[in-house]
Structures are given as structure tokens and as C-alpha cells.
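Beneath this line is the structure, given in C-alpha cells, with notes to follow.
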Amino acid sequence: MSGKTTMEKLVSLAKRRGFIYPGSEFYGGLAGFWDYGPMGVELKRNIENLWWKMFVQSVPNIYGLDAAIIMNQKVWQASGHAEGFSDLMVECKECKKRYRADHIKSDRCLECGGDLGEASLFNMMFETRVGAKQDEDSKTYLRPETAQGIFVNFKNVLDSYSPKMPFGIAQIGKAFRNEISPRDFVFRSREFTQMEIEYFVEEKNWEKEFDNWLLFMREWNEALGLKNVKEIDTPRDNLAHYSKKTIDFEYEFPFGRSELYGLAYRTDYDLKKHMEESGEDLRYRPHEGEPFLPHVIEPTFGLDRTILALLNEHYNENGERGVWLALPYKLAPVKAAVFPLLRNKEELVSKAREIYSSLRKEIPGVAWDDNGNVGKRYRRQDEVGTPFCVTIDFDTLEGEENSKDTVTVRNRDTMKQERVAIDDLVDYLKEKIGI
Ligand SMILES: [Zn+2]
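Here's what the structure looks like:
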């Protein structure tokens with residue numbers, strides 16, 4: 000439950016149980032880069048799948064896309080990133096440490112007390128070179144946002160599908176920003192995953208479509224069980240240059256309330272710029288009336304921030320029970336864990352193995368655990384948010400008529416145990432998990 004935990008606890012749980020490891024760790028790490036471990040990658044994929052199902056597969060007029068991370072440098076000139084994607088930075092004259100000007104209040108270095116020079120602009124895109132030549136033409140960047148990959152494919156989707164307005168293009172993918180001061184675990188990192196939709200509308204309908212997306216995004220927060228989300232309507236004079244209206248969804252993280260998601264009305268800014276720079280006609284041609292440039296509503300979701308918010312929101316702890324993550328069942332990395340009551344009784348182990356392999360065929364995310372006693376196994380599964388633990392005991396093998404061929408199923412949230420017939424187990428779990 001949020002408000003009850005600290006970043007230290009979340010970072011430690013993430014490391015200990017294989018959700019998130021520091022990147023390049025035994026070489027001293029690399030600030031702003033994180034690696035997702037066995038639990039983290041499952042959680043991440045479950046979030047992506049839920050998002051894709053909710054916003055792409057269940058919506059008839061949304062098209063999926065997976066664009067290349069590296070694009071022609073002209074894309075970034077047109078989008079304004081090559082010129083303007085900069086933060087004001089100050090550098091310590093002594094130790095050369097850099098700070099974002101808006102993150103530091105003093106004019107002295109926090110590390111060594113040295114003098115901080117004048118603020119200067121620093122472009123946050125990672126530069127790279129494509130091909131063997133090292134000239135200006137070979138230069139480009141790792142994308143700092145996924146949105147431009149969508150805009151440069153707008154015409155392809157139009158040509159392939161002739162969609163009716165309004166329609167959207169959705170993408171999940173990595174983006175990279177050379178943050179001056181990465182911080183707060185995966186909240187502000189230099190490599191991250193975005194889940195984004197560019198939704199193309201007629202200008203006169205933008206407010207109505209904006210409001211629809213606001214409702215849709217609230218549904219997503221509900222599906223994730225995130226309660227501490229505040230919607231902040233950004234005042235006009237603070238808006239990004241391309242936007243006429245933005246609502247930030249801010250979440251109460253242990254380090255303070257910060258942006259989780261955003262919903263922006265980007266006008267026709269991006270398509271117009273790409274049309275000017277590329278010379279390609281990007282106008283939409285309706286059956287009746289004049290061709291026009293669509294306007295854009297952009298719902299954007301940070302995946303790594305979602306993971307941090309989920310860990311925080313669903314983290315619970317008490318002295319007796321230890322830590323349990325009350326993740327929504329669908330998102331839990333492990334859905335069910337199977338235990339033989341005792342690891343040294345061959346008949347229990349082989350029956351449990353049999354149940355384990357039949358569950359694995361039907362349910363994604365089934366684990367095996369025969370270490371320590373059942374209480375310890377519950378604790379281990381609780382820590383990673385496993386909703387169901389299935390124990391095979393002596394009653395399973397040779398119980399009375401109504402307990403033979405049944406197993407004990409223990410629920411993470413109620414801690415109640417039920418006897419379930421082996422024959423009904425798959426259906427029972429599928430129904431409870433909602434798959
Ligand atoms: Zn310094």
C-alpha cells in the first residue's frame with residue numbers, strides 16, 4: 000500500500016527477487032540503465048500485453064506498429080529535437096560533474112563544493128553513426144520518443160488500410176534520453192520503454208476525443224489498481240511548444256508526486272512539420288470534402304514508471320507475514336506455484352510434478368518450489384505476488400473419498416486454503432485469474 004513503503008525497500012525487493020537489477024553491475028554499473036530480471040521481464044510483458052489488448056486489439060480503429068529505433072537524422076530535424084531537445088545544464092568547474100539547472104538550487108557543486116559555471120544547453124539525444132563513414136551525413140540519434148516513428152508511418156497506414164477518421168496508431172518500444180541526472184530508480188532512466196498512441200482526429204472534434212481518452216486512461220489506472228493518481232491540467236504557459244492542452248497523470252511515489260502518464264493535444268504540429276520537411280503530402284482525403292491535415296491526441300504511458308508505481312502501490316508488509324505484493328492477478332509474474340508437501344517423499348514429488356507439468360501447458364507463469372517448509376514457500380511466493388499456491392499432500396494421494404485427488408489451493412490475499420479437485424484445478428485457476 001502506498002505511503003507505507005520507501006524507495007530503499009522497493010529497490011531491495013526488486014534486486015533480491017529478480018525484478019530489476021542495476022545495469023552493468025559488476026563493472027561499477029552505468030547510471031540510468033537497469034536490467035529486468037526473470038520476475039521483472041514477466042511483469043513487464045504482462046503489462047505490455049494488457050495494454051496492447053486494451054488499447055489495440057479491443058479497439059477496432061487502432062493499428063499497431065513497431066518502428067525502428069534508429070531513423071534518418073532528418074526526422075529529428077523536422078520534429079525539432081535536433082535543435083531544441085535540450086535542458087539547461089550547469090557544470091562544476093572542479094570535478095566536472097553536471098547538474099540540470101532546474102534540479103539544483105545552490106551555485107555550488109553538491110559533490111565537492113566547487114563553483115558551478117554558467118548554465119548552458121545540453122541536447123539529451125544519444126548520438127550515433129550509421130555505417131563505416133564518420134561524417135555529418137552518417138550521424139543520427141537513438142530515438143528520444145517513440146511518437147516520431149508513428150508520424151513517419153502515418154502515410155503508410157493510410158495507404159495500406161484507408162482508415163476512416165478518427166483512427167490511431169499504437170506502439171510499444173524503447174526510447175533513450177541522455178538525462179543529465181538520472182535518479183529515483185527506474186523513474187528517470189536513460190533507456191526506457193514507452194507505450195504510446197497517436198490518435199488522428201478532425202480538428203473540430205479534438206475536445207470530444209480528448210475527453211474520451213481521458214476516460215479510457217482512467218480505466219487503465221483502475222485495471223492496474225493504482226489509487227493515488229492525480230490528474231493535473233497543465234497551465235497554458237507551461238505547455239510544450241507543440242501542445243494546446245495536456246493532462247498529466249501524477250502518481251504519489253515514495254519520493255513525491257511525479258508524472259506517470261500524459262495525455263496531450265498535439266494539434267497538427269508534427270504532421271505539418273514532416274510535410275514541410277519531406278515534401279510528402281500527408282493530408283487525409285475524405286470521401287467528400289477537401290483534404291486536410293489531421294490533428295493528434297496523444298496518450299502516452301511510461302512502462303518503467305508503471306512498474307515502479309505497481310510495486311509501490313501493491314507492496315504490503317507486516318512483521319508476522321513479511322512482504323507480499325498484491326499485484327492484480329493478470330499482471331503477476333507467477334500465477335501459481337506448485338509444492339509437494341515434502342521434498343523427500345517420492346510419491347508426493349511425482350504427483351506434484353505431474354500436476355505442475357499439466358498446469359504449465361494451460362497457464363502462463365507456473366512455478367515449482369520444494370525448498371524449505373510450506374510456510375517459507377508461501378513467504379517467497381508472496382514477495383513476488385504469486386496469487387495461488389498449490390500444495391500436494393498425503394490426502395491428495397490417499398485421503399478419504401472427498402479429499403483424494405484434491406489439492407490445497409492457498410489464496411495470497413485472503414490467505415484462505417481450499418481443497419480443489421485435480422480435475423477442476425485448471426478451470427478453477429483460469430477463472431480466478433481471469434484468463
Ligand atoms: Zn564538483
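Numbered by numbering that gives the first Met the number 0, the letters in the sequence shown go through residues 0 to 434 in order.
Backbone N, C-alpha and C define an ideal beta-carbon position, used for all residues, glycine too.
All values reported here derive from a predicted model rather than from experimental measurement.
Next on the checklist: Measuring only from the beta carbon, is E93 closer than 7 Å to any heavy atom that is part of ligand 1?
Outcome noted: yes
Checklist entry - For K96, is the beta carbon positioned less than 7 Å from some heavy atom of ligand 1? => result yes
Item to check | Given G439 as reference, the closest of E289, R378, L213, D269 once Cα atoms are compared | outcome: Outside the shown range of the chain (0 to 434) lies residue 439, about which nothing can therefore be said.
Checklist entry - When DSSP builds the beta bridges, which residues end up paired with Y140? => result E126
Next on the checklist: Applying the 10 Å Cβ sphere with the 16-neighbour rule, what's the burial state of F393?
Outcome noted: exposed
Item to check | Opening and closing residue of the beta strand (DSSP E) in which L326 lies | outcome: No beta strand (DSSP E) holds L326; DSSP gives it neither H nor E.
Checklist entry - Are there 16 or more other CB atoms within 10 angstroms of the CB of F18, so buried, or fewer, so exposed? => result Counting Cβ neighbours within 10 Å, F18 comes out buried, since at least 16 surround it.
Next on the checklist: Here's the rule: buried if 16 or more other CB atoms are within 10 angstroms of the residue's CB, otherwise exposed. What is K43?
Outcome noted: buried
Checklist entry - Would you call D269 buried or exposed, if buried means 16 or more other Cβ atoms sit within 10 Å of its Cβ? => result buried
Checklist entry - How about W219 and I296: are their beta carbons less than 8 Å apart? => result no
Next on the checklist: Taking only three categories from DSSP, how would you classify R15?
Outcome noted: Looking at R15 - three-state DSSP - the assignment turns out to be helix.
Checklist entry - Quick one: what does DSSP say I149 is sitting in, helix, strand or coil? => result helix
Next on the checklist: Suppose the cutoff is 7 Å on Cβ atoms and the five residues either side in sequence are ignored; what does the same chain contact list for L281 look like?
Outcome noted: If we look at L281 and ignore the five residues flanking it on each side, its Cβ neighbours are F153, K154, L270, H273, M274, L292.
Next on the checklist: Under 7 Å: does the beta carbon of E110 sit that close to some heavy atom of ligand 1?
Outcome noted: yes
Checklist entry - For M88, which residues does DSSP report across the bridge? => result R99, S119
Next on the checklist: Shorter than 7 Å, the distance from the beta carbon of G113 to the closest heavy atom of ligand 1, or not?
Outcome noted: yes
Item to check | Candidates S277, P165, A331: closest to I362 by CA position | outcome: Proximity to I362 across S277, P165, A331 peaks at A331, based on C-alpha coordinates.
Next on the checklist: Between which residues of its own chain and G2 is the CB-CB distance below 6 Å, once the five residues before and five after are set aside?
Outcome noted: Below a pLDDT of 50, predicted positions are generally treated as unreliable, and G2, at 44, falls in that range; the measurement from the model is reported next regardless. Contacts found: none.
Next on the checklist: To test your reading of the DSSP string, which unbroken alpha helix (DSSP H) runs of 4 or more residues are found completely within the stretch 337 to 376?
Outcome noted: 345 to 361
Checklist entry - Just checking my contact of S242 with E249 at CB under 8 Å: how many whole Å lie between their CB atoms? => result Contact doesn't hold; Cβ gap of about 17 Å is too wide.
Checklist entry - If you draw a straight line from the alpha carbon of V151 to that of N237, how long is it in whole angstroms? => result 27 Å
Item to check | Neighbourhood of K350 by C-beta, 7 Å cutoff - its chain only, sequence neighbours within 5 removed | outcome: The beta carbon of K350 sits closer than 7 Å to the beta carbons of I391, T395, L396 from its chain, once the five residues preceding and following it are set aside; these are given in chain order.
Next on the checklist: Taking only three categories from DSSP, how would you classify D423?
Outcome noted: helix
Checklist entry - Could you give the uninterrupted runs of the alpha helix (DSSP H) lying entirely in the stretch 28 to 85, keeping only those of 4 residues or more? => result Here the runs fully enclosed are 37 to 51, 72 to 78, 80 to 83.
Next on the checklist: Within a Cβ cutoff of 7 Å, which residues of the same chain sit near R176, ignoring the five residues on either side of it in sequence?
Outcome noted: The answer, listed in chain order, is M123, P143, R189.
Checklist entry - Cβ of N410 versus every heavy atom of ligand 2: is any distance shorter than 7 Å? => result Annotation note on ligand 2: not contained in the displayed structure, which lists ligand 1 as its ligands.
Checklist entry - Applying the criterion that 16 or more other CB atoms from any shown protein chain within 10 Å of the CB defines a buried residue, is D426 buried or exposed? => result exposed
Next on the checklist: Less than 6 Å between C-beta atoms, sequence neighbours within five positions excluded: which residues of the same chain meet that for G39?
Outcome noted: F18, I19
Checklist entry - Run through DSSP, which three-state label would H286 get? => result coil
Item to check | Rounded separation between V373 and W367 - CA only | outcome: 12 Å
Next on the checklist: Is it buried or exposed, S78, if we count other Cβ atoms within 10 angstroms and call 16 or more buried?
Outcome noted: buried
Checklist entry - In angstroms, rounded to a whole number, what distance separates the CA positions of S161 and D65? => result 19 Å
Next on the checklist: Please report the distance separating the alpha-carbon of K375 from that of K104.
Outcome noted: 48 Å
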